[in-house]
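See below for the structure under consideration.
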């Protein structure tokens, strides 16, 4: 789970982290204000299967494609990227086009995120 | 999905190709090798047999202590000092897994964020449960894999609660116990366990009004040990601040002095031998445990039924699955 950019609200990230833990997954939380470079480096060192990015700042159209590109540069495009936060509806298809696996908007039950990850990353738990 | 096929391909990559990548210092290879340790992968023995001859040169330091005392913050500052000396630093950071789901939230990286982009710092988090051969063996394997990849200093970090966690730190050349001021009773409670394995004491949050008092209290406990056994040196106590880095240079010196003393007295050799011996025993025990589980699920499934029905006692049953009766 990662928080990127200038966005200090991580309750959502923590709730998802907790839900995934309770589903038997190992969740690494990077902390606030990370750059895409830091997140991707952490992903590589931890050999993570997926990156969950929580964004409430509005910078999703910049930061998420950057993460996807950095994964490619590091020969790690097999890592799933999904995100949650205040993402306008019209941006969702663009993000998916850019390589984001799934976008969860506010009010999504945590169960949906868990089920999605179990489906997308069978080795996760 | 093409990308998924790629990931599956990696699972199958040969042990020697992966070992080659690790030794060449390739980070993805190192990361995947550690994942094989965590999964108890079938290729692990072949992989490790290639890596092991390249280990044994690194400085290893274990950090332990109660949650929240600032271990990760001190480690972050200490990494800076080692990097100034141009040493490559690997960190194995263990966080508790849930006993119910085996899931875990691993948060120690947060304090180490400054070092994420340093290519000569490698940080790996591990959950504490579900490792073949026990936590200490698994974390040791991860650390040794980093050694084989050319890291000069390996730091092991665990919460100092529970035998398994303490063992992680105590397998290192030098064990640092981190404490914080105002935890008087906690120090008393720790006395019998982790206090005895610590080589260096670190009282963090040195700006706290009770910091010196806590240091004095720890010293008085340690001096009792020294009176009872005059050959045992009184371990140094260092006051630090994880936020500013104050005292961390003294901590590094104390660690270095401990290493020097160990090497001089031959203690290093004894210690490393004991730690490798523990490793072999715990790995063998882990394999045996797995095999016993399998027997109880398979060919010896009836044994437990007889125990439940009070027809066979548990001690006799253990003899049966061990094929001793």
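Residue numbers (the numbering used here), protein chains in the order written: chain A, 2 to 126; chain B, 22 to 346.
Glycine included, every Cβ here is placed at the ideal spot set by N, Cα and C.
query, result
"Coarse secondary structure for residue 30 of chain A, derived from DSSP in three states", "coil"
"Chain A residues whose Cβ lies nearer than 8 Å to that of residue 309 of chain B", "Neighbours of residue 309 of chain B on chain A: none; closest Cβ ~26 Å, over 8 Å."
"9 Å Cβ cut-off: residues of chain A touching residue 131 of chain B", "30, 31, 32, 33"
"N-terminal and C-terminal residue of the beta strand (DSSP E) that residue 193 of chain B is part of", "Per DSSP, residue 193 of chain B belongs to no beta strand (DSSP E) and is neither H nor E."
"First through last residue of the alpha helix (DSSP H) which encompasses residue 50 of chain B", "48-60"
"Buried versus exposed call for residue 186 of chain B [16 or more other C-beta atoms within 10 Å across all chains shown]", "buried"
"The region 57-71 of chain A / the region 89-105 of chain A touching (three or more Cβ pairs under 8 Å)", "yes"
"First and last residue of the uninterrupted alpha helix (DSSP H) at residue 24 of chain A", "Element bounds for residue 24 of chain A: n/a, residue is neither H nor E."
"Distance CB(residue 58 of chain B)-CB(residue 162 of chain B) smaller than 7 Å", "yes"
"Rounded C-alpha distance that separates residue 276 of chain B from residue 221 of chain B", "7 Å"
"Interface residues of chain A facing residue 61 of chain B [CB-CB closer than 9 Å]", "The contacting residues do not exist; residue 61 of chain B stays about 13 Å from chain A at best."
"Runs of beta strand (DSSP E) wholly within the region 63-100 of chain A (minimum 3 residues, chain order)", "81-86"
"Beta strand (DSSP E) segment containing residue 221 of chain B, residue limits", "221-224"
"Beta-carbon contacts of residue 99 of chain A that lie in its chain and below 8 Å, excluding the five residues immediately before and after", "65, 66, 69"
"Close beta carbons around residue 75 of chain B, own chain, < 8 Å, minus the five adjacent residues each side", "44, 168, 169"
"Chain-ordered neighbours of residue 6 of chain A on chain B, where CB pairs are closer than 9 Å", "Here the premise fails: no neighbours, minimum Cβ distance about 14 Å."
"Backbone CA spacing between residue 26 of chain A and residue 123 of chain B [nearest angstrom]", "7 Å"
"The region 132-163 of chain B: positions lying closer than 7 Å to chain A by Cβ", "134, 137, 138, 143, 144, 145, 146, 148"
"Alpha helix (DSSP H) runs contained entirely in the region 62-138 of chain B, provided each spans 4 or more residues", "65-72, 92-105"
"Residue of A/83, A/30, A/108 minimising C-alpha distance to residue 118 of chain A", "A/83"
"Closer than 9 Å at the beta carbon, the chain A residues around residue 127 of chain B", "27, 28, 29, 30, 47"
"Cross-chain neighbours of residue 122 of chain B in chain C, by beta carbon under 9 Å", "Absent from the structure is chain C; the protein chains it does hold are A and B."
"Range covered by the alpha helix (DSSP H) that runs through residue 301 of chain B", "288-318"
"Residue 195 of chain B vs residue 85 of chain B beta-carbon contact at 7 Å", "no"
"DSSP beta-bridge partners of residue 3 of chain A", "A/54"
"Sub-7 Å separation of residue 296 of chain B and residue 192 of chain B beta-carbons", "yes"
"Integer Cβ distance of residue 125 of chain B from residue 22 of chain A, believed to fall under 8 Å", "6 Å"
"Any non-hydrogen atom of the ligand FAD closer than 6 Å to residue 24 of chain A Cβ", "No copy of the ligand FAD appears in this structure; indeed no ligand is present at all."
"Residue 179 of chain B in three-state terms, based on DSSP", "strand"
"Helix, strand or coil at residue 272 of chain B [DSSP, three-state]", "helix"
"Buried or exposed by the 16-neighbour rule on C-beta atoms within 10 Å, applied to residue 103 of chain B", "buried"
"Supposed contact pair residue 48 of chain A and residue 55 of chain B - C-beta distance, whole angstroms, cut 8 Å", "7 Å"
"Neighbour flag for residue 53 of chain B against chain A, beta carbons, 7 Å", "yes"
"CA nearest to the CA of residue 35 of chain A, picked from A/41, A/6, A/20, A/97", "A/6"
"Residue-chain proximity (residue 341 of chain B, chain A), Cβ-Cβ < 7 Å", "no"
"Residues from the region 84-118 of chain B in contact with chain A, defined by Cβ distance under 8 Å", "118"
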